[in-house]
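>
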Amino acid sequence: MKVKVINRSEEEFTKERKQDVKKVFRNYDPNIHQFEKAHEYTRALNAAKLERVFAKPFLAALPHEDGITALSRNPRSLNSLVSGSADGTIRIWDVAMKRTLRRLVGHTSAVRGISFAPDGETCVSCSTDSTIRLWKVPYAPFEAGHVEAQQNAVFEFQGKHAFRGIDHHWSRNTFASAGAVVELWDHTRSEPLTSFTWGSDSITSVRFNPAEADVFATTGSDRGIALYDLRISTPIRKLIMQTRSNALAWNPMEAFNFTVANEDCCLYSYDMRKLTSATCVHKDFVSAVMDVDYSPTGREFVAGSYDRSLRIYRFNGGHSREVYTTKRMQRVFAVRFSGDGTYVFSGSDDMNVRVWKAEAAEQLGAVLPRERRKQAYDKALVERYKHMPEVKRISRHRHLPAAIYKAGKLRRTVMDADKRKLERRVAHSRPGSVAVKPDRKKKIVAEVE
37 MKVKVINRSE EEFTKERKQD VKKVFRNYDP NIHQFEKAHE YTRALNAAKL
87 ERVFAKPFLA ALPHEDGITA LSRNPRSLNS LVSGSADGTI RIWDVAMKRT
137 LRRLVGHTSA VRGISFAPDG ETCVSCSTDS TIRLWKVPYA PFEAGHVEAQ
187 QNAVFEFQGK HAFRGIDHHW SRNTFASAGA VVELWDHTRS EPLTSFTWGS
237 DSITSVRFNP AEADVFATTG SDRGIALYDL RISTPIRKLI MQTRSNALAW
287 NPMEAFNFTV ANEDCCLYSY DMRKLTSATC VHKDFVSAVM DVDYSPTGRE
337 FVAGSYDRSL RIYRFNGGHS REVYTTKRMQ RVFAVRFSGD GTYVFSGSDD
387 MNVRVWKAEA AEQLGAVLPR ERRKQAYDKA LVERYKHMPE VKRISRHRHL
437 PAAIYKAGKL RRTVMDADKR KLERRVAHSR PGSVAVKPDR KKKIVAEVE
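So the sequence shown is residues 37 to 485, counted in the numbering used here.
#1: Give a yes or no on contact between the stretch 428-445 and the stretch 82-97, applying the rule of three or more CB pairs nearer than 8 Å.
#2: Indicate whether the contact test is met: 3 or more Cβ pairs, each with one atom in the stretch 227-242 and one in the stretch 250-267, closer than 8 Å.
#3: In chain order, what residues of the same chain lie with their CB nearer than 8 Å to the CB of GLU184, ignoring the 5 residues before and after it?
#4: Below 8 Å between beta carbons: does that hold for PRO111 and LYS393?
#5: If you measure between the beta carbons of SER241 and SER257, is that distance less than 8 Å?
#6: Compare the C-alpha of PHE191 against each of HIS223, LYS54 and PHE294 and name the closest.
#7: Among PRO154, ILE126 and GLU179, which has the Cα closest to the Cα of ARG169?
#8: From what residue to what residue does the alpha helix (DSSP H) around ALA420 run?
#9: Please report the straight-line C-alpha distance between TYR175 and SER269, rounded to a whole angstrom.
#10: Going by beta carbon distance, what residues of the same chain come within less than 8 Å of THR105, once the five residues before and after it are set aside?
#11: Taking the C-alpha atoms as reference points, what is the distance between ARG461 and ALA324?
#12: List, from N- to C-terminal side, the beta strand (DSSP E) runs of 3 residues or more that fit wholly inside the stretch 265-306.
#13: Over what stretch of residues does the beta strand (DSSP E) that includes TYR330 continue unbroken?
#14: Among SER281, ASN352, ASN282 and ASN287, whose alpha-carbon lies nearest the alpha-carbon of ALA249?
#15: Quick check: what's the CA-CA separation for ASP327 versus LEU98?
#16: With which residues is PRO228 paired in a DSSP beta bridge?
#17: Across which residues does DSSP place LEU170 in a beta bridge pair?
#18: Check whether the Cβ atoms of TRP129 and LEU114 sit closer than 8 Å, and answer yes or no.
#19: Rounded to the nearest angstrom, how far is the Cβ of LEU458 from that of ARG79, given a contact under 8 Å?
#20: Note down, in chain order, each residue of its chain lying with its Cβ closer than 6 Å to the Cβ of ALA153, except the 5 sequence neighbours on either side.
#21: Got a sec: is the Cβ-Cβ distance from HIS223 to anything in chain C below 8 Å?
#22: Contact check, VAL322 vs ASP343 under 8 Å by CB: the rounded distance?
#23: Going by the beta-carbon positions, is the gap between ARG476 and SER331 smaller than 8 Å?
#24: If you reduce the DSSP assignment to three classes, tell me which class ARG390 lands in.
#25: Buried or exposed: THR144, going by 16 or more other Cβ atoms within 10 Å of its Cβ?
#26: Counting only the same chain and skipping the five closest in sequence on each side, list residues whose C-beta sits under 7 Å from that of GLU336.
#27: Which residue marks the beginning of the alpha helix (DSSP H) containing THR125, and which one marks its end?
#28: Would ILE272 and VAL481 be called neighbours here (beta carbons separated by less than 8 Å)?
#29: How long is the line joining the alpha carbons of TYR306 and ARG372, rounded to whole angstroms?
#30: Mind checking which residues open and close the beta strand (DSSP E) that includes GLY334?
#31: Among THR333, ARG309, PHE294 and GLY334, which has the Cα closest to the Cα of VAL317?
#32: Can you tell me whether SER465 is buried or exposed? The criterion is at least 16 other CB atoms within 10 Å of its CB, across all chains shown.
#33: Are the beta-carbon atoms of CYS162 and VAL173 separated by less than 8 Å?
#34: Around the C-beta of LEU346, are 16 or more other C-beta atoms found within 10 angstroms, so that it is buried, or is it exposed?
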C-alpha cells in the first residue's frame, strides 16, 4: 500500500521579518502560462523606464581655487584622491567625507600631472615651472570635521624644461616625466637616471603598463604614439596618426591593449603587437578628447572632452553607454575611475572635482537580498529584450545640452556627406582605382620601428 505524504519545511513558510512577502509557489509548466513572453516584455519595458527615472549619477562637487588640470587616485585607499589645479596648488581629498585633508603648496605654475607610488603613501607631481615634487600622503582620520592643513614637499627635482605629464612605476621607486624629452627619475637622486627621445617637439603624456611594468607609452605633439622598454633602454616602435593624441591609458586586464584620446573627437584602442590597425574606434564626442582612464575591471573606460562632457565606454564599444554633463561644468581636463570601479571623478575648468556614479541608476548603500535579486532580474530582462524597438529607444536615450546635440547633429551630417561622396567616387571610377580605407586604418599615417 502506497501512502502519499504532504511534506512542508518550516523555513519556507516562516517570514524573516514582518515586511517580507509570503512565498508564492508556482507551476512553471509553459502550457499553463501562455502569455509569459508578453508579461516578460512588459516587465522589461517597465524596468527600462524605471532605470532612466532613477538615473541620478551626480554625487558631489569638491571645490578648488582654479581650474583642475590633473587627477590621481590612491592605489591603496578607496577614499583618497589627489587633484592639481592651474594655480599650482594640490589638494588631497577624503572623498567619503567630502573634505580636504592637505593643501600641498610649492609649485608656482600649473600642475600638469600627478601620480601615486605603489605604496600609496607618497605621490609625485610635475608642473610647467620645470620642477617635480615628492609629497607624503596622509590617511584620512576616523573623526569627522575640518582637518585641512598646509604641507610642503619632501623633495624637489629640478628639470631643464617645463613638464607636461608624469607617471610612477608600478613596482619600483622610479617614475617617468614627459616634457621636451622622456626622463626616468629615482626617488633618491636629484638628476634623471636616463632620458629617451624620438624626434618629437614635446611629449604630452606618459603611462606605464600595469601588467608589464617595464613597458611604457607616450603621446607627443608630433602626432606620434611611442612605446618604450626600460630593459633595453631604447624605444620599441612609434605610430604616427593624422591628429594629435592628448592622453593614453593601458587596459589593466589585457597587457597589450591601450586606448588613446585624440584631437579628432574619437578614441582609438590599439594592440601594441599590431599597430597597423586600431582594434576599435570609440565615437560620440563633438570636440577634442582630453583624458582617458580605465576601470580596474578593464571592461570599460571613462573619457573627458573639451565639449564639457564625460562619457563611459565599454572597452570594445564604438559608442558610449553613458554621458554625464551639468549646466555649470566646463571643459573636462582630467578623469579617473575609483579603485573599486563604482565611481568616476572628473576635473574641469570651472574649479570643481566632481564625483559621479559609474552606473547612473545604481542604488547606493545597504541593499537587501530581495532587492538585489529584483535588480538582477530587471537587468536580465532588459538585456534579453534590448533588441525590441521600445526597450532599445528608452535604454539608449540620453538628454544632451543643446550645444552638444547641435554639434553632434552637424558632425553626423558632414560625415554622412563624406560617406556619400566616397561611395559615388567608387561607383563612377574604374574598379580598384579608389582605395577605401576602414575607419580603423584611416587615421594612421605610418608605423616606425
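Yeah, the Cβ is synthetic: ideal placement off N, Cα and C, and Gly gets one too.
Well, looking at it:
#1: yes
#2: Contact holds: three or more Cβ-Cβ distances are below 8 Å.
#3: ARG135, THR136, LEU137, ARG138 and ARG139
#4: no
#5: no
#6: HIS223
#7: ILE126
#8: Residue identity differs from the one stated: residue 420 is Arg in this sequence, not Ala. Residues 405-420.
#9: Those two C-alpha atoms are separated by around 36 Å.
#10: GLY120, SER121, ALA122, ALA146, VAL147, ARG148, PHE369, ALA370 and GLY383
#11: 30 Å
#12: 270-277, 281-286 and 293-298
#13: 325-330
#14: When only C-alpha atoms are compared, the closest one is ASN287.
#15: The alpha-carbon atoms of ASP327 and LEU98 are separated by roughly 19 Å.
#16: PRO228 is not bridged to any residue.
#17: VAL160 and PHE191
#18: Here TRP129 is not near LEU114, since their CB atoms are 8 Å or more apart.
#19: Wrong, their Cβ atoms sit about 45 Å apart, outside the cutoff.
#20: HIS204
#21: Within the model displayed, chain C is absent; a lone protein chain is all it includes.
#22: 5 Å
#23: Taking 8 Å as the Cβ cut-off, ARG476 and SER331 do not qualify as a contacting pair.
#24: strand
#25: Exposed, since its Cβ has fewer than 16 Cβ neighbours within 10 Å.
#26: ILE348, TYR349, ARG350 and PHE351
#27: Unbroken run through THR125: none, as it is neither H nor E.
#28: no
#29: For TYR306 and ARG372, the distance between alpha carbons rounds to 20 Å.
#30: Per DSSP, GLY334 belongs to no beta strand (DSSP E) and is neither H nor E.
#31: PHE294
#32: exposed
#33: no
#34: buried
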